[in-house]
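Participant: Sharing a structure below in structure tokens format, with a few things to ask.
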Amino acid sequence: MPLRSKTPVGLTRKAIECYDFSIVTWTTLEHGDFRPTPESRLYGASEAFVGLAFTGLVISVFFYRLNKIAHMEARQGQSPAGNSTNSPPPPKK
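Going left to right, the sequence shown walks through residues 1 to 93 as UniProt numbering numbers them.
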């Protein structure tokens, strides 16, 4: 049986509505154009939680890598004895 290449209009409209719901939920805008059902409220709350967790994960990975780069640069700036090349010379006796 050959597959049809055309997507039903109802399915496309539903996909756009789902995408709109996701964007509005994730950006914490208000759902003023419709009243969510109890099931969609649960979905929206779950999506908001996952969005917050994902945002926290992305931020933590970003700062972890930034910290790692800073430590690598700090190690490259040290002499083999452990003194920084930018430190002043030792006092004369």
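Every residue, glycine too, gets a C-beta built ideally from N, C-alpha and C.
1) Does DSSP classify Gly-77 as helix, strand or coil?
2) Once the 5 residues before and after Arg-75 are set aside, which same chain residues still bring their CB inside 6 angstroms of it?
3) Measuring only the C-alpha atoms, how far is Gly-44 from Gly-32?
4) How many angstroms separate the CA atom of Cys-18 from the CA atom of His-71?
5) How many angstroms separate the CA atom of Ala-48 from the CA atom of Ser-22?
Facilitator: The answer reads as follows:
1) The residue given as residue 77 occupies position 77 in the sequence shown. Gly-77 falls in the coil class under three-state DSSP.
2) Within the sequence shown, residue 75 is the residue found at index 75, counting from 1. Answer for Arg-75: no residue qualifies.
3) Along the sequence shown, one-based indexing puts residue 44 at 44. Along the sequence shown, one-based indexing puts residue 32 at 32. Going from the Cα of Gly-44 to the Cα of Gly-32 covers about 14 angstroms.
4) Numbered from 1 along the sequence shown, position 18 holds the residue referred to as residue 18. Numbered from 1 along the sequence shown, position 71 holds the residue referred to as residue 71. Computed Cα separation, rounded: 44 angstroms.
5) Taking the sequence shown and counting its residues from 1, one reaches residue 48 at position 48. Taking the sequence shown and counting its residues from 1, one reaches residue 22 at position 22. Each residue's alpha carbon lies about 9 angstroms from the other.
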